[in-house]
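Here's the structure, in C-alpha cells; my notes come after.
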Ligand SMILES: Cc1cc2nc3c(=O)[nH]c(=O)nc-3n(C[C@H](O)[C@H](O)[C@H](O)COP(=O)(O)OP(=O)(O)OC[C@H]3O[C@@H](n4cnc5c(N)ncnc54)[C@H](O)[C@@H]3O)c2cc1C
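Numbering (our numbering), first residue to last: 38 to 430.
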C-alpha cells in the first residue's frame with residue numbers, strides 16, 4: 038500500500054490531488070491553514086468578498102485546459118486598457134492590440150507615441166520564445182520603446198504583476214505574460230479569487246484534505262504534526278520551499294534556503310465617487326504609494342476601491358491622503374481592510390525555471406513542486422502540479 042502525503046492545499050497541492058483522484062491513487066493532503074487555496078484567499082468582510090491581494094486570472098493561461106470547469110465560474114472581466122494618471126490628469130490608454138482605433142485616434146496619453154504603438158504590435162507578433170538573456174527593461178529599451186512609455190506603462194503596470202520595480206524576471210516569461218494580458222480576458226471571479234481553488238477542490242474527496250494541520254517535523258519516512266500525530270509516507274510531496282527547513286538534519290540538503298519573496302499590500306475602501314470608470318485598472322507612475330487600483334460598483338452611490346501598493350509599511354491614513362489627492366470628487370471614504378502579504382511571489386532565482394519540468398526529485402521518496410519551481414502564477418502552480426503527477430505516478 039502506497040502512502041502518499043501532499044503538504045499544501047494551494048493550487049499546486051490541489052492540482053496533484055485532483056490528478057491522483059482521477060487515477061484512483063490514494064493520498065492525503067495536509068495544510069496548516071484553516072481553508073484551502075494557499076496564497077489565494079478571499080475574506081467575507083462587511084458582506085463583501087475581499088481578496089487577500091490583487092490577483093487576476095488570465096483566462097488564456099495554457100494550463101487551465103486541465104480544469105475546464107474554471108471557465109464556468111462567473112467572472113468580472115476587466116476592460117482592456119488602462120487609465121493612467123500623469124501630470125495630475127487621467128488619460129485612457131486603449132489596448133491597440135484589441136482595438137485598432139487605439140493606434141490612431143483615441144490614445145492621447147502623452148507618453149504613448151505612434152512609434153510605441155507600432156512597436157507594441159511588433160512585440161506582440163514576435164515569435165513565442167526568443168534566445169535572449171537580456172533583462173526585460175534592457176530588452177524594451179533596445180527594442181526601441183520610448184523612455185516615457187517604458188516607465189509610465191511597462192514599469193508601472195508590470196511592477197504590480199511581478200511585484201518587482203526592476204522587472205528582474207526571465208525575458209521569455211515577461212513576454213509570455215505580456216501576450217496573455219494583451220490578447221486574453223483578465224478576470225476575477227465575482228465571488229472572489231478563492232472560487233478558483235474551491236472549484237478545483239470539488240474534484241477531490243474532502244476526507245482526503247486535512248486542514249488546520251501544521252507539519253512541524255519531517256523525517257525520512259514520516260511527518261509529525263503540531264498536535265504530535267505522526268503519519269508514515271512512501272512518497273512525500275512538498276509544495277512550498279520553506280518546508281525544507283523542518284526536515285531532519287539527516288535528510289535536509291539546504292537547497293531552498295536562499296529563496297526569497299517579494300511582498301505587497303492591498304487596501305479596500307468604500308467610497309461615494311463620480312466621474313470614474315469601473316472595472317478598468319488605474320495606474321499611477323508618479324506615485325510612491327499606489328501602484329494600481331480599480332473600482333467596483335456596489336450600489337448606485339457606493340463603490341469599492343481596491344488599491345495595491347508595493348510599499349508594505351504604508352499606513353491607512355497615508356493611503357487615504359494619497360488616494361484623495363488623485364480624486365477630488367470623493368465623499369464618504371470608509372476603510373474596510375488592509376492586507377499585507379510579506380511572501381507573495383518568489384524573487385527571481387535559479388529555480389525560477391519558466392517552462393521546463395517544474396518539479397524536483399529531492400530524494401528517492403521526497404519531491405518538491407509549486408510555483409517557485411515553475412513561474413509565480415496560477416499557471417505555474419497548475420503546470421508544476423500536473424507535471425509532477427505525470428512524472429512520478
Ligand atoms: C498578493 C499576490 C498576488 C498575486 N497575483 C497573481 C495574479 O494576479 N495572477 C496569478 O496567476 N498569480 C498571482 N499570484 C501568485 C499565485 O497566487 C501563486 O503562484 C499560487 O497561488 C501558488 O500556489 P502554490 O500551491 O504553489 O503555493 P501556496 O499557495 O503557497 O501553497 C502552499 C501551501 O503549503 C502550506 N504549507 C506550507 N508549509 C506547511 C507546513 N509546515 N505544514 C502544513 N502546511 C504547510 C501553506 O499553508 C500553503 O497553503 C499572486 C500571489 C500573491 C500572494
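Heads up, the beta-carbon is just placed ideally off N, CA and C, and yes, glycines get one too.
The alpha-carbon of residue 264 is positioned some 20 Å away from that of residue 73. Comparing C-alpha distances from residue 324 to each of 373, 345 and 229 shows the shortest one belongs to 345. When only Cα atoms are considered, residue 372 and residue 292 end up about 42 Å apart.
Using a Cβ-Cβ distance cut-off of 8 Å, the region 333–351 and the region 254–270 are not in contact, since fewer than three pairs of beta carbons, one from each stretch, lie closer than that value.
Distance from the CA atom of residue 86 to the CA atom of residue 117, rounded to whole angstroms, is 23 Å.
Cβ contact annotation for residue 310 (same chain, cutoff 7 Å, sequence separation greater than five): 340, 364, 366 and 367, in chain order. Note that the C-beta distance between residue 148 and residue 175 is not below 8 Å. Contact annotation, residue 326 with residue 359: C-beta distance approximately 5 Å; criterion of less than 8 Å satisfied. Residue 224 and residue 370 have their alpha carbons spaced roughly 26 Å apart.
Rounded to whole angstroms, the gap between the alpha carbons of residue 227 and residue 111 is 6 Å. Cα atoms of residue 54 and residue 302: separation of roughly 30 Å, rounded to the nearest angstrom. One thing to note: residue 269 has its Cβ no nearer than 8 Å to the Cβ of residue 39. For a cut-off of 8 Å, the C-beta gap from residue 107 to residue 230 is around 12 Å, too long to register as a contact. Residue 93 is classed as buried because its beta carbon has at least 16 other beta carbons within 10 Å across all chains shown. Going by DSSP, residue 248 is part of no beta strand (DSSP E) at all; its letter is neither H nor E.
In its chain, beyond the 5 residues on either side, 197, 318, 320 and 345 have a beta carbon closer than 6 Å to the beta carbon of residue 329. By the Cβ rule, the region 40–49 counts as touching the region 57–75, because three or more pairs are nearer than 8 Å. Your pair residue 52 and residue 422 checks out as a contact, with CB atoms roughly 3 Å apart and the cut at 8 Å. Across the structure, residue 276 and residue 404 are spaced so that their CA atoms are roughly 9 Å apart. Under the DSSP definition of a beta bridge, residue 268 partners with 260.
Distances between the C-beta of residue 213 and the heavy atoms of ligand 1 are all 7 Å or more. As the crow flies, the alpha-carbon of residue 103 is around 12 Å from that of residue 240. Around the beta-carbon of residue 153, 16 or more other beta-carbon atoms lie within 10 Å, marking it buried.
Judged by their CB atoms, residue 205 and residue 172 are nearer to each other than the 8 Å cut-off.
According to the DSSP assignment, residue 65 belongs to the beta strand (DSSP E) that extends over 65–67.
The three-state reading of DSSP puts residue 385 in coil, since its state is none of H, G, I, E or B. Only buried fits residue 122, as 16 or more other CB atoms lie within 10 angstroms of its CB.
In this structure, ligand 1 has no non-hydrogen atom nearer than 7 Å to the beta-carbon of residue 333.
Within the same chain, 148 come within 7 Å of residue 185 by CB-CB distance, once the 5 residues on both sides are set aside. Secondary structure at residue 145: coil, using DSSP grouped into helix, strand and coil.
A direct Cα-to-Cα measurement between residue 425 and residue 96 gives close to 23 Å. Per DSSP, residue 403 is one residue of the beta strand (DSSP E) stretching across 403–406. Relative to ligand 1, the nearest heavy atom lies less than 7 Å away from the CB of residue 91.
With distances taken between CA atoms, residue 146 lies nearest to 125 out of 125, 166 and 163.
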